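S.K.:
In UniProt numbering, the protein residues as written are 1 to 591.
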């Protein structure tokens, strides 16, 4: 080995040791390793920051922004209400979401499939009161598994097809990967749904604990003109209310509260529903039924301003300006352009209009105000702010626009009309221009530590390849397996390819491992197809680290995972895939 190869192998060993130890955050470890690699001359200075412009890094950042747009538009609520039941058991939920993710990722890029389903899974976890970490990793693994089934499901399959065309004169067709990839995907999905999720470490601070801390607000929503719910009985909305975890307490008409719950009252335009809900549930229920806030005119004026909206929570103190007064009497709406959305008051029922209710010390107010005006409004009221929880108002009138833009981009990328990063970039631009995602919060949704991790590791991986380190591994592999039976050679090829894919990205691994597989087949005098299939499955089966596959990187921040969490479920899954794939290859692609 050369000095550069020795230093790179040592550097990678140190990086993974530190990441598994967990004493220092993963982005600091990766960036420090990159800087050390540059100082030692292992990474050329001109390539030091090339990873931050790499398509993989750009895709991860763009997918997080697009996911935020899908949430803000109400597309996630639509999918959640249609397909997902928060009361379903954890195993059944993982099986359902995993199945949906696998099917989607077989016919669209698996990164795009995860981008669509990840916010759905997070919302469901929040409603069910459980940590999203229990379901995000199974969902990521499921979308990776589904991509193995078709030609377009994952980049390694496309690369393998092109390499076969160069070597044998004919590429693989759309479903040539299905027999082997389908067997591996099915076995993997069963494992993930029944056993795998039980191996994920659980920590505090998950959705379950967060749910307990949420305040329940008494709030009002108004039935707009031409609403499809006009003419229905109030009780007919109970099903949607239950889905959103909202309690309908009563009805206000012409400024007067109807007796009791008014469940049998026929709804009319302008009626106000009195509900009890958390801020998230309130917004979901409003978006699902296309209802207005109680102060519709002020809400429309705020939206028309184009500056974006903030939802904030404040605690009323004894000396607050609003204590002992009503929001209407104080002129909150016209003085501060702020709408009182709800009041949380322990032990006392609120029977009047929210804006006409006398606010008391100790109340928690839910306010809708112009973007970045929250601190000023809070100070003017004389209240204390609660910790920011990222609350937002769903733009439910743009739901199908957001879905259509995302679907068109995925379709264009799938058929080769647009490069995936470009397609996602156009979606982000369109989301901003159409008001789906305010430009002021465009960068708030990117997990920057994840971007730094990926941007730092890509140049190191490229340096390992450029130094001949990967070819050194390949040469040793050919020498090691001389005289071995076919199944043993395929097993070694898969294990080495999986290991490389966990360190490098799967595209680079495929480019290195596929020619090695063809060389091994030629040395044995057999068909190269079994070896190419082994590489295709193994290159995609990167489950041990968050850097082996973009989907694993995407969930790192939202799931609150540590670097060393992945191997707990990923190692037995990789072993299972090898055990299932080798017989399937020998059956469907004989030597």
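Positions of the beta carbon are idealized from the N, C-alpha and C atoms, including for glycine. Computed from a predicted model, the values in this text were never measured in an experiment.
With a cut-off of 8 angstroms, do at least 3 Cβ pairs link the region 483 to 498 to the region 520 to 528?
M.R.: Verdict: yes, contact present.
S.K.: Could you pull out every residue in the same chain whose Cβ sits closer than 6 angstroms to the Cβ of residue 386, ignoring the five residues on either side in sequence?
M.R.: Hits under 6 angstroms: 313.
S.K.: Cβ of residue 244 within 8 angstroms of Cβ of residue 285?
M.R.: A contact, by the Cβ cut-off of 8 angstroms.
S.K.: Kindly indicate the opening and closing residues of the beta strand (DSSP E) around residue 344.
M.R.: First-last of the beta strand (DSSP E) with residue 344: 339 to 344.
S.K.: What residue range is occupied by the uninterrupted beta strand (DSSP E) comprising residue 272?
M.R.: Segment 272 to 277, the beta strand (DSSP E) holding residue 272.
S.K.: Using a threshold of 8 angstroms, state whether the C-beta atoms of residue 118 and residue 136 are closer than that.
M.R.: Yes, Cβ-Cβ distance for residue 118 and residue 136 is below 8 angstroms.
S.K.: Should residue 143 be labelled buried (16 or more other beta-carbon atoms within 10 Å of its own) or exposed?
M.R.: The residue in question, residue 143, is buried, as its Cβ has 16 or more Cβ neighbours within 10 Å.
S.K.: Where residue 322 and residue 397 are concerned, what is the direct C-alpha to C-alpha distance, given to the nearest angstrom?
M.R.: Their Cα atoms are separated by approximately 33 angstroms.
S.K.: Taking the continuous alpha helix (DSSP H) assigned at residue 27, which residues delimit it?
M.R.: Here the alpha helix (DSSP H) through residue 27 covers 26 to 39.
S.K.: To the nearest angstrom, how far is the alpha carbon of residue 564 from that of residue 62?
M.R.: Those two C-alpha atoms are separated by around 25 angstroms.
S.K.: If you follow the alpha helix (DSSP H) that residue 581 is part of, which residue opens it and which one closes it?
M.R.: It spans 566 to 588 - the alpha helix (DSSP H) in which residue 581 sits, taken as one unbroken run.
S.K.: According to the neighbour-count rule (16 or more other Cβ atoms, all chains shown, within 10 Å of its Cβ), is residue 148 buried or exposed?
M.R.: Residue 148 should be labelled buried.
S.K.: If we count the other Cβ atoms within 10 Å of its Cβ and call it buried at 16 or more, is residue 581 buried or exposed?
M.R.: Label assigned to residue 581: buried.
S.K.: With DSSP run on the structure shown, which of helix, strand or coil describes residue 207?
M.R.: Note that residue 207 scores 40 on pLDDT, short of 50, meaning its location in the model is unreliable; the coordinates nonetheless yield the value given after this. Note: residue 207 maps to helix in three-state DSSP.
S.K.: Identify the continuous alpha helix (DSSP H) that holds residue 431 and give its terminal residues.
M.R.: Looking at the DSSP string, the run of the alpha helix (DSSP H) that includes residue 431 is 420 to 433.
S.K.: Would you kindly work out how many angstroms separate the C-alpha atoms of residue 485 and residue 538, rounded to a whole number?
M.R.: Distance between the alpha carbons of residue 485 and residue 538 is about 19 angstroms.
S.K.: For residue 542, count neighbouring Cβ atoms within 10 angstroms of its own Cβ and tell me buried if that reaches 16, exposed if not.
M.R.: So residue 542 counts as buried.
S.K.: Spell out the partners DSSP gives residue 222 in its beta bridges.
M.R.: DSSP lists 272 and 292 as partners of residue 222.
S.K.: Reducing DSSP to helix, strand and coil, say where residue 19 ends up.
M.R.: In this structure, residue 19 counts as helix in the three-state DSSP scheme.
S.K.: Is the Cβ-Cβ distance between residue 163 and residue 514 less than 8 angstroms?
M.R.: Yes, the Cβ-Cβ distance between residue 163 and residue 514 is below 8 angstroms.
S.K.: With a CB to CB cut of under 8 angstroms and the five nearest residues on each side skipped, what residues in its chain are close to residue 517?
M.R.: Once the five neighbours on either side are set aside, the close Cβ partners of residue 517 are 493, 528, 531, 532, 534 and 535.
S.K.: Spell out a yes or no on whether the region 430 to 439 and the region 12 to 27 are touching, meaning 3 or more CB-CB pairs, one atom from each, closer than 8 angstroms.
M.R.: Segments in contact, no.
S.K.: Quick check on this structure: which residue in 279, 309, 289 and 328 has the alpha carbon closest to the alpha carbon of residue 342?
M.R.: For residue 342, the nearest C-alpha among the options comes from 279.
S.K.: Between the beta-carbon of residue 456 and the beta-carbon of residue 98, is there less than 8 angstroms?
M.R.: It is not a contact, given that the beta carbons lie outside the stated cut-off.
S.K.: Going by alpha carbons, who is nearest to residue 453 out of 254, 125, 230 and 58?
M.R.: Residue 453 has its Cα closest to that of 58, out of 254, 125, 230 and 58.
S.K.: Do the region 328 to 342 and the region 351 to 358 meet, that is, are 3 or more Cβ pairs less than 8 angstroms apart?
M.R.: Because the criterion of three Cβ pairs below 8 angstroms is met, the region 328 to 342 and the region 351 to 358 touch.
S.K.: Sort 469, 579, 265 and 576 by Cα distance to residue 2 and report the nearest one.
M.R.: Checking every option, the nearest Cα to that of residue 2 belongs to 469.
S.K.: Can you tell me whether DSSP reads residue 313 as helix, strand or coil?
M.R.: Looking at residue 313 - three-state DSSP - the assignment turns out to be strand.
S.K.: Quick one, which of 399, 373 and 320 has its alpha-carbon nearest residue 361's?
M.R.: It is 320.
S.K.: Rounded to whole angstroms, what's the CA-CA distance from residue 409 to residue 201? Just pull it up for me.
M.R.: Their backbone Cα atoms lie some 36 angstroms apart in a straight line.
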